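See below for the structure under consideration.
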DNA sequence: CCTTTGCTGTTTACGACGTACACGTAGTAC
DNA sequence: GTACTACGTGTACGTCGTAAACAGCAAAGG
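Protein chains in written order, with this note's numbering: chain W, 1 to 285; chain A, 1001 to 1285.
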């Protein structure tokens, strides 16, 4: 183990090997990861230190380094460990249902959201060099497969899933940070802002701000997770529709070719029946 | 100054008082903030320390505490200082142009994006208790005013602007983090991932992932900022349209009442002329 | 003149952090 | 017995934010 911190493949190995059977006493990777998750759950990722993990287990700090190369790799292991908690919805049917992508992606997003509520520090993990473990990749694969048969280009699928993921982290970070500040300062959010009267006195000069304030926009806010998720999925849906429509000369419903009129707007459907079917498929506005 | 770290209003005062004329030698708030911005520009927010700022100015660490209550408040001051660099586009015309909200919001977003490219650490500022300064509030007010006359509810306006803002930070964080890791490790992103072959060997089991990989989705990715901004603005636009349409019985163009037919879909426009005008206003698909 | 007051910058110190390095100690293979 | 290895420990270094006491100096008041 000593000197392995620089070995790139060692981190991969730790993440991807199955949990070896080890009911023996003493330290073990699984025990360390579990203890670390407990610490991070309670005190956030910034409050996670090797010393605290070791103390919780009753060992010295440096003993951890016999099992984990360092703090960063420990966080990678924690991530993948808690992702195992969230079961994946079964893979989409072999014959993809049109429009099912949205429900699947939404379920995924809500599951991830739930996970971030249980382990808020997940959103605090930053940096572009965190190795994905098997559970992380499985989740990623699952989200990608949701948008696979939508007419999006490969790069667009990747971008769409990435956008949803980053949105999740951004929203979760909001909650984590308020919780952290309340925990560490002992002062609630309202109290803290309330004791800054001298700030609010200066905000009268801003017309829209005061309008929204007086209209109660800040008293009855939208749920920012729900709002953002809806907007982003709507935006993706619009893109998918646009990609669909660019399949010119093909009926949007049955896929048969459509004769294009010499002038005017090109037709989307091959028959009245298909147009009506599309109308019903769109559902009530 | 000593012991003022606990005075809530002192932070507000520092942020909102105009820059007093102080061409004298020695330390000053403005000089400290300027030096701190330089350090953070070069080394990121994590690399910003009171010692480094003091060294750069040729003073001792503790001398800074005569002018700034602490590191957090210094960051607040830095934020507002760099926001002064970005000039605001002039306020929207008194008679709001329908549909102009999108262009305005997009210009705002791109300006903020540009600012984050110049000062990447802006995206690293976390926490829900950062005092806004005059420049920050001006930007916020400006974005809010962009969506003011769109038919959105107050809470929806706030949520929409917040969503765009958080998106900006999330995307910028992506760039900051890769830059930081490359700077601190001296290893480029490709090199780093390239030396993890043992990871990629395990990714064959994931069909969608390998499909996207082989289709070149990762070789020619979408610009994630452009992609995300377009999707989010599309999503907001859809909501605005929906809010518009719920103004039943009122012509979407001229605002005059529309007679509702006894059966069938309620009409959106009061006349052929208005319908045609709406068609042209939508522009080419 | 001297003294008081207040602002400014300095010095030292504390407790946290990640982890490098040298050292034990115990179990196992030869 | 004797190497070898895995595991756990103790000490130490350099980083961080900042609390507390102290020193120099200018203006103000007597």
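We treat Cβ as the ideally placed atom computed from N, Cα and C, and that holds for glycine.
None of these values were measured; they are calculated from a predicted model.
Check, Outcome
"Can you pull the chain W neighbours of residue 1192(A), defined as C-beta to C-beta under 7 Å?", "129"
"With a threshold of 8 Å between beta-carbons, can residue 48(W) be considered close to chain A, or not?", "no"
"Just to confirm the assignment, what range does the alpha helix (DSSP H) spanning residue 67(W) have?", "Residue 67(W) -> no alpha helix (DSSP H), and no H or E assigned at all."
"Between the Cα of residue 309(W) and the Cα atoms of 17(W), 49(W), 63(W), 51(W), which residue gives the shortest distance?", "Outside the displayed span of chain W (1 to 285) sits residue 309(W), for which this structure offers no information."
"Taking the alpha carbon of residue 1087(A) as the reference point, which residue from 1145(A), 1111(A), 1100(A), 1104(A) has its own alpha carbon closest?", "1111(A)"
"Using only alpha-carbon positions, find the residue among 1234(A), 1061(A), 1116(A) that is nearest to residue 1085(A).", "1116(A)"
"Output, in chain order, the set of chain A residues within a Cβ distance shorter than 7 Å of residue 155(W).", "1217, 1220, 1221, 1222"
"Comparing the C-beta of residue 181(W) with each C-beta of chain A, is any distance below 8 Å?", "yes"
"In whole angstroms, what is the alpha-carbon distance linking residue 285(W) and residue 238(W)?", "Low local confidence applies: a pLDDT of 46 at residue 285(W) is under 50, so the model's placement there is unreliable, and no value is given."
"From what residue to what residue does the alpha helix (DSSP H) around residue 50(W) run?", "50-57"
"Residues of chain A with a CB under 8 Å from the CB of residue 286(W): which are they?", "No answer is possible for residue 286(W): the residues shown for chain W start at 1 and end at 285."
"For residue 1177(A), decide whether its Cβ has a neighbour in chain W, counting only Cβ atoms nearer than 8 Å.", "yes"
"Quick one: grab the DSSP three-state call for residue 1285(A).", "Reliability fails at residue 1285(A), whose pLDDT of 46 lies under 50, so the model's placement of it is uncertain and no value is given."
"Compare the beta carbon distance of residue 235(W) and residue 1011(A) with 8 Å and say whether it is the shorter of the two.", "no"
"In angstroms, rounded to a whole number, what distance separates the CA positions of residue 131(W) and residue 276(W)?", "49 Å"
"Using DSSP with H/G/I as helix, E/B as strand and the rest coil, what is residue 126(W)?", "coil"
"Is residue 1169(A) buried or exposed, if buried means 16 or more other CB atoms sit within 10 Å of its CB?", "buried"
"Within this structure, are the beta carbons of residue 1029(A) and residue 1125(A) separated by less than 8 Å?", "no"
"Can you give me the C-alpha to C-alpha distance between residue 1122(A) and residue 1166(A), rounded to a whole angstrom?", "12 Å"
"I need the straight-line Cα distance from residue 1047(A) to residue 1185(A), nearest angstrom please.", "14 Å"
"Assign residue 79(W) to buried or exposed, taking buried as 16 or more other Cβ atoms, counted over all protein chains shown, within 10 Å of its Cβ.", "buried"
"Return the CA-CA distance between residue 1114(A) and residue 198(W), expressed in angstroms with no decimal places.", "31 Å"
"State yes or no: is the beta carbon of residue 1028(A) nearer than 8 Å to at least one beta carbon in chain W?", "no"
"Need the endpoints of the alpha helix (DSSP H) that residue 1060(A) sits in, please.", "No alpha helix (DSSP H) holds residue 1060(A); DSSP gives it neither H nor E."
"If distances are taken between C-alpha atoms only, which option among 1129(A), 1204(A), 1151(A) comes closest to residue 175(W)?", "1129(A)"
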